[in-house]
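Numbering (the UniProt record's numbering), first residue to last: 1 to 162. All C-beta atoms, glycine included, are put in the ideal place defined by N, C-alpha and C.
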Amino acid sequence: MTQPKVGIIMGSQSDWPTMKEAAKILTELGVPFETKIVSAHRTPDRLWTYGKSAADRGLSAIIAGAGGAAHLPGMVASKTRVPVIGVPVQTRALNGVDSLYSIVQMPKGFPVATMAIGAAGAANAGLMAAAILAVSDSDLAGRLEAWRDALSASIPEEPVDD
Ligand code: RP5
Numbered sequence: 001m002t003q004p005k006v007g008i009i010m011g012s013q014s015d016w017p018t019m020k021e022a023a024k025i026l027t028e029l030g031v032p033f034e035t036k037i038v039s040a041h042r043t044p045d046r047l048w049t050y051g052k053s054a055a056d057r058g059l060s061a062i063i064a065g066a067g068g069a070a071h072l073p074g075m076v077a078s079k080t081r082v083p084v085i086g087v088p089v090q091t092r093a094l095n096g097v098d099s100l101y102s103i104v105q106m107p108k109g110f111p112v113a114t115m116a117i118g119a120a121g122a123a124n125a126g127l128m129a130a131a132i133l134a135v136s137d138s139d140l141a142g143r144l145e146a147w148r149d150a151l152s153a154s155i156p157e158e159p160v161d162d
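Now the structure itself:
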């Protein structure tokens with residue numbers, strides 16, 4: 001089995017439809033990853049163990065998504081030096097602004113690279129993790145360049161009626 005290089009963690013099963021977008025990107029780019037439900041509030045011991053073991057297990061980036069009082073990305077960042085990319089999951093009550101504010105305002109010392117709210121943020125988290133790995137993996141760098149070129153090439157020059 002291939003050793004995962006990226007960890008995708010989320011606070012709840014209900015975050016998976018959003019976080020799946022990160023998984024899709026990593027699959028397209030051929031980056032080995034793992035997916036886990038790790039909740040800062042409901043499974044704090046699991047969070048502790050995950051953060052503590054992340055570097056030794058060979059993870060090079062962690063994508064952490066959560067909604068509402070979204071402490072997961074910040075808490076995992078406090079337990080590991082592996083770069084943490086935070087995804088604010090869109091919520092019904094406050095539309096994800098609660099998640100965004102919970103993730104983005106980290107105190108000095110424990111950074112979380114915070115993405116946009118929702119699915120676009122999760123997809124960008126996948127791309128960001130790939131970009132981090134691509135710094136020391138030229139094959140992946142080539143695949144990432146090709147992915148970006150294909151996206152650019154897919155954008156029409158002029159708008160059309162629906
Ligand atoms: C957070 O609470 C999770 O990340 C999720 O976004 C939110 C709601 O969780 P559920 O009540 O749907 O399990 O911890």
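query = Looking at C-alpha atoms only, which residue of A122, L26 and G51 is the closest neighbour of D15?
reply = A122
query = For L59, does the count of other Cβ atoms within 10 angstroms reach 16, so buried, or fall short, so exposed?
reply = buried
key: Unbroken stretches of the beta strand (DSSP E), 3 residues or longer, contained in the segment 16-75   = 33-37 and 61-67
ask   = Under the criterion of a Cβ to heavy atom distance below 7 Å, does V89 qualify as lining the ligand RP5?
value = yes
task = Please determine, among Q90, R148 and S99, the residue with the shortest C-alpha to C-alpha distance to I25.
result = R148
Cβ neighbour criterion (16 or more within 10 Å) applied to V97 = exposed
query = Beta carbon of D139: closer than 7 Å to some heavy atom of the ligand RP5?
reply = no
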